[in-house]
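Visitor: The structure that follows is given in the form of structure tokens.
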Amino acid sequence: MTRLLRGLWLERQARWGLVLVAALCGLAVLAPWIAPYDPAAQLDLAQGQYLAPSTLHPFGTDFYSRDLLSRVLYGARISLSIAFLSVLVSITVGTAVGMTAGLAGGAVDRLLMRGVDAALAVPRVFLLLVVVALWEGVSVTGLIVVLGLTSWFGTSRIVRAEVLSLRQRTYITAARALGVGPRRLALRHLLPNLAAPVIVAATLGIGQIILIEASLSYLGVGVPPPTPSWGSIIQEGQQALAVAPWVATFPGLAIVATVIGFSLLGDGLRDTLDPTTR
Amino acid sequence: MKPLLRVRGLRTSFKTGRTVARAVDDVSFDLLPGETLGIVGESGSGKTVTALSLLRLIQTPPGHIAEESVVEYNGVNLLELPAKELRRVRGAEISMVFQEPTTSLNPVLTVGSQIAETLRAHRVISRRSAAARTIGLLRRVGIPEPEIRTRHYPHQMSGGMQQRVMIAMALACEPKILIADEPTTALDVTIQAQILELLADLKRQLGMAMLLITHDLGVVAGIADRVAVMYGGQIVEEGPTAALFTNPAHPYTEALLRAAPRLDAPTARLPVIPGAVPPATRWPTGCRFHPRCRHAWERCTAEPPPPLATPTEQRARCWLVDEPVRRKP
Amino acid sequence: MIVFLVATLTFVLLQVAPGDPLTRASEITLVPQQVLEQQRRNFGLDRPVHVQYARYLANVARGDFGYSFREHRPAAAAIAERIPNTLLLAAAALVITFALGILIGALQATRRGSAADELLSLTSLTLYSMPVFWLGVMLLLLFGVTLGWFPAGGVVDDAIYPYLSPLGRLGNRLHHLILPAVTLGAVGAAATARYQRAAMLDVVGQDFVRTARAKGLRERAVFFRHALRNALLPVITLFGLFFPLLLSGSVLVETVFAWPGIGKLAVDAIHGRDYAVVTAVAIIAAIMVVVGNLLADLLYRLADPRTREAQ
């Protein structure tokens, strides 16, 4: 672990990714203590509406005179937890499907991969929009499950490819020759070797899910209203673009920083964990 | 006779990170009109880099050709020529044939268009007559049904055919010099002989000079007038082919000759040269061959030998030329 | 195949979703219970699921997507009206994506490691990490609200459009098209540039580029005829992958710029629980993706002679 961190630190881009991700996660976790105000508190409806950024409200306030900085910080909590948990779902399913396809081979493999190909061709935001919208007012848990279940396709492909190449290696053949059963083979010999590509896919996946969750929330079918989410704040901000441009600006910057952070970290992890791709 | 190509003190280095690899380090030779000079060496000896440096085909950076190096063609230093004028030399006066025909041809263009393109780059010639000349060239390098083949893509041809296309392309503008860099290494043994024969024939017909680069002594023995042996980024021995083969002056040449399989005197085991070629980032001090040389003494580790003339018309970078008594039996 | 899958998937989703199409309609219009039952029978909603499914597939195959309660007309008609707008936007975005992406990527490759290269890499990474709708909102803020160069949304100025000359109409359309198309194209262009740069660097180091130089070709010919042509091959495969992204993106961009295409239609339909339209848009989107993939295959075959073997 320390070796991995040091390796990441030595690469300029990965270092930036690490710093960004650590800072954002820290802010998200500590939001209740850092945030200057309660994100839902309507501070002063009479005069506090759409206040421009100032020392009192570094990011300004919104239509309901809520402090935007606090809302963006709490938004980080929501967006990051949704992303983490969805990715957990997606890599679990993706790894399971990929391993099944890679180990089973034959018709099972073909069927699964054909399905994945088809799924990859479906416009994702579109699909999610339909799914989420049909159950009016999806809960956050539901959102996590749906996001996770629609984003494992890429991971399953990577895992399958990795399993296929690992299967050719001599030590797997040796283990099989020694009579190691298929289940044990999969769990003890294959799974640890899959860790590297799966971790990379997960890191890059978090950024993607954050983008998609923001899109859904922007369209009004993501995180339900009173909870601050970056996407929904931007949507609110667009209504008042001429009056209070800061409302739409800051959460967007937060999204960009987060996604860049995870991209850089993911690329860095790939380079450090797998020296062969260099 | 005045040399067609005069190379003096050529040095090419590659910079990777903090280390500098001196791949070609002080190479000098002459190429006379109509002659064939063979450059022989193991991989890593710098022979390919030498060839590429002549026409400045080294990627810079990381590559770098030292400013004081001279590659003189018809009295003009190619290394100082502006890009536009260098372009008029490349492919028209001096052409190259590369080692891997499969990767050296553009996969998305027909072979005909790749040959015609060379013609059109150097001659004022219509599209139609370029196409006609292309067919003539394909026929000349021994490709059957050239009218059909000209419309084929490289992947539709065998390696031998592809190399013939490369040769046709190189000869399109009837150059004065042909540089052939390991032209047969990637090919089947039976095809190798055909390609070499073709090169020798065309050379005779067109009266051009040829620089034949190879790791295979057998190849140069057949067609080269003179041979230069490279080791450690330098020419360690150079001379007329027959003299060099019968009386090798440099221990490295000697070892190479002994390591080459001979049909006339088959031995059970071929002797190998002990050790490996040192990396171009850290050449040994003194003579670069001394760690692997069975004759080496103090002088060899201390002082790098300059090219010294031998009684049999060779020049060798070896102190043995100076002190023949040191040669061990 | 994909179209069939999507059709089925939409049907299943509609079946498991709470409520049926008429519940919503009844909420709006306050129809008596008997009329509702009568309507249910008319639409076959009282039949068993498999019968409904068969009828649904047959209808879809005929291009009949059902009746839109929100628009008070067949869903197919509502969509047909909007498709040209979406296609216009998508086509403009595609042009921007590939023209800009390929140009920038190739340029970066020729000046590898320079300050310009680093800056462009950073820009494309940033764009790539940006939610497309936010980019739209920001462009709207800068060029629409602050500078006032471009209109805030819509396809044309409804108030003055009928009185414009044909040329004026075209100008008005283009004026409205620029911001949404740039928004939708920018993210794709960033991805393409990253790809193109890598592909170009790969190709530039290859032997046939050296051959082209050794032949004495002009740098321009080496670059365009030899290097770029080969570097385009991997980018063409991106073309097919871009269609799903493009459609997802157009849902968002159309919403940002109030662009009356099928993406905006879908969002409105979802909010209004207009199932016929939702289904129809999903299926149309699937068809577009399939067509896009076919196009990409075709292009690839044109560009790479090695795949043309079996002609």
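Line order of the protein sequences matches chains A, B and C.
Numbering follows the working numbering, in which position 116 of the first sequence is assigned residue number 163; successive positions increment by one, without gaps.
Numbering follows the working numbering, in which position 280 of the second sequence is assigned residue number 306; successive positions increment by one, without gaps.
Numbering follows the working numbering, in which position 30 of the third sequence is assigned residue number 1036; successive positions increment by one, without gaps.
Just so it is clear, CB atoms sit at the ideal spot from N, CA and C, and this is done for glycine as well.
Using a Cβ cut-off of 7 Å (strictly closer), state whether C:F1156 contacts chain D.
Guide: Chain labels in this structure do not include chain D; the protein chains are A, B and C.
Visitor: Taking the alpha carbon of B:R18 as the reference point, which residue from B:C326, B:C313 and B:P274 has its own alpha carbon closest?
Guide: Lying before the first or after the last residue shown, residue 18 of chain B is absent from chain B, which here runs from 27 to 355.
Visitor: Judging by CA-CA distance, which residue of A:F173, A:S264 and A:T147 is the nearest neighbour of A:L211?
Guide: When only C-alpha atoms are compared, the closest one is A:T147.
Visitor: Do the region 260-268 of chain A and the region 276-290 of chain A make contact, defined as three or more Cβ pairs closer than 8 Å?
Guide: Yes: the two stretches touch, three or more of their Cβ pairs being nearer than 8 Å.
Visitor: Check each residue of the region 1214-1229 of chain C: if its Cβ is closer than 9 Å to any Cβ of chain B, include it; give the result in chain order.
Guide: Those residues of the region 1214-1229 of chain C that come within reach of chain B (Cβ to Cβ, closer than 9 Å) are F1214, V1215, R1216, T1217, A1218, R1219, A1220, K1221, G1222, L1223, R1224, E1225 and A1227.
Visitor: Would you say B:S152 reaches chain C, if we count a Cβ-Cβ gap shorter than 7 Å as a contact?
Guide: With 7 Å as the cut-off, B:S152 does not count as an interface residue toward chain C.
Visitor: Name, please, each residue of chain A whose Cβ falls closer than 8 Å to the Cβ of C:I1085.
Guide: Going along chain A, no residue has its Cβ under 8 Å from C:I1085, so there is no contact; the nearest lies around 14 Å.
Visitor: Measuring only the C-alpha atoms, how far is B:L81 from B:E111?
Guide: For B:L81 and B:E111, the distance between alpha carbons rounds to 12 Å.
Visitor: At 9 Å on the CB atoms, spell out the chain C contacts of B:E106, in chain order.
Guide: Those within 9 Å of B:E106 in chain C number zero; the least Cβ separation is about 18 Å.
Visitor: When you compare the CB positions of C:F1214 and B:L131, do they come within less than 7 Å of one another, or not?
Guide: In this structure, B:L131 lies closer than 7 Å to C:F1214 by Cβ.
Visitor: Does the region 204-220 of chain B come into contact with the region 1242-1260 of chain C, if we say contact requires no fewer than three beta-carbon pairs (one atom in each stretch) closer than 8 Å?
Guide: As far as the Cβ criterion goes, the region 204-220 of chain B does not touch the region 1242-1260 of chain C, which means the pair count is below three.
Visitor: Where do the ends of the beta strand (DSSP E) carrying B:Q140 lie?
Guide: B:Q140 -> not in any beta strand (DSSP E); alpha helix (DSSP H) instead, spanning V137 to H148.
Visitor: Looking at the secondary structure, which residues open and close the beta strand (DSSP E) in which B:T62 lies?
Guide: First-last of the beta strand (DSSP E) with B:T62: T62 to V66.
Visitor: Apart from the five residues on each side of it in sequence, which residues of its chain come closer than 7 Å, Cβ to Cβ, to C:T1243?
Guide: Excluding positions up to five away in sequence, the list reads A1302 and Y1306.
Visitor: Got a sec: is the Cβ-Cβ distance from C:H1232 to anything in chain B below 7 Å?
Guide: Taking Cβ atoms only, chain B reaches closer than 7 Å to C:H1232, which makes this a yes.
Visitor: Is it the case that the Cβ atoms of B:R37 and B:D52 are separated by a distance below 7 Å?
Guide: Result yes, Cβ atoms of B:R37 and B:D52 sit closer than 7 Å.
Visitor: List in chain order: all unbroken alpha helix (DSSP H) runs of 4+ residues lying wholly within the region 182-238 of chain B.
Guide: Counting whole runs of 4 or more residues, the region 182-238 of chain B contains the alpha helix (DSSP H) stretches 185-197 and 215-232.
Visitor: Which of the residues in the region 163-176 of chain A, read from start to end, lie with their CB under 7 Å from any CB of chain C?
Guide: Correct list: A165, A168, V169, P170, R171, V172, F173 and L176.
Visitor: In this structure, does DSSP put B:T42 in helix, strand or coil?
Guide: It is a strand residue.
Visitor: Applying the 10 Å Cβ sphere with the 16-neighbour rule, what's the burial state of B:Q188?
Guide: The residue is buried, with at least 16 neighbouring Cβ atoms inside 10 Å.
Visitor: Just to confirm my understanding: we take A:A143, look at its own chain, exclude 5 residues before and 5 after, and list those with CB closer than 7 Å. What are they?
Guide: Contacts found: none.
Visitor: Can you find the residues in the same chain that come closer than 6 Å, C-beta to C-beta, to B:P439, ignoring five residues on each side of it along the sequence?
Guide: Because residue 439 of chain B is not part of the residues shown, which for chain B are 27 to 355, the question remains open.
Visitor: Determine the direct distance from the alpha carbon of C:W1265 to that of C:S1135, and round the result to whole angstroms.
Guide: If I take the Cα positions, the gap works out to 24 Å.
Visitor: If you follow the alpha helix (DSSP H) that C:V1241 is part of, which residue opens it and which one closes it?
Guide: Its alpha helix (DSSP H) spans residues R1235 to V1262.
Visitor: Check this for me: beta carbons of C:G1255 and B:G117, under 7 Å apart or not?
Guide: Contact flag unset, no.
Visitor: Between B:V134 and chain C, is any beta-carbon pair separated by less than 7 Å?
Guide: Answer yes: the Cβ-Cβ gap between B:V134 and chain C drops below 7 Å somewhere.
Visitor: Any idea if A:Q285 is buried or exposed, counting beta-carbon neighbours within 10 angstroms, 16 or more meaning buried?
Guide: A:Q285 comes out buried.
Visitor: Can B:T144 and B:T307 be called in contact, C-beta distance under 7 Å?
Guide: Not in contact: B:T144 and B:T307 (Cβ atoms no closer than 7 Å).
Visitor: Tell me which same chain residues have a C-beta within less than 6 Å of the C-beta of A:D156, skipping the five on either side of it?
Guide: Cβ within range, chain order: A148.
Visitor: Could you check if A:R59 is buried or exposed, using at least 16 other CB atoms within 10 Å of its CB as the buried criterion?
Guide: A:R59 comes out exposed.
Visitor: Here's the rule: buried if 16 or more other CB atoms are within 10 angstroms of the residue's CB, otherwise exposed. What is A:R235?
Guide: Exposed.
Visitor: Check whether chain C comes within 7 Å of A:G299, counting only Cβ atoms and requiring the distance to be less than that.
Guide: So yes, A:G299 belongs to the interface.
Visitor: For the alpha helix (DSSP H) containing B:A250, name the first residue and the last one.
Guide: That residue, B:A250, is in no alpha helix (DSSP H); it is neither H nor E in DSSP.
Visitor: Alpha carbon to alpha carbon, what distance is there between A:A243 and A:T317?
Guide: Reading the sequence as shown, one finds Arg at residue 317 of chain A and not Thr. Each residue's alpha carbon lies about 8 Å from the other.
Visitor: Residues of chain B with a CB under 7 Å from the CB of C:I1286: which are they?
Guide: The question names Ile, yet the displayed sequence has Ala at residue 1286 of chain C. The premise fails here: C:A1286 is roughly 41 Å from chain B at the closest Cβ pair, so nothing lies under 7 Å.
Visitor: Name the residues in the region 1295-1312 of chain C whose C-beta lies less than 8 Å from a C-beta of chain B; which are they?
Guide: Result list: A1309, D1310, P1311 and R1312.
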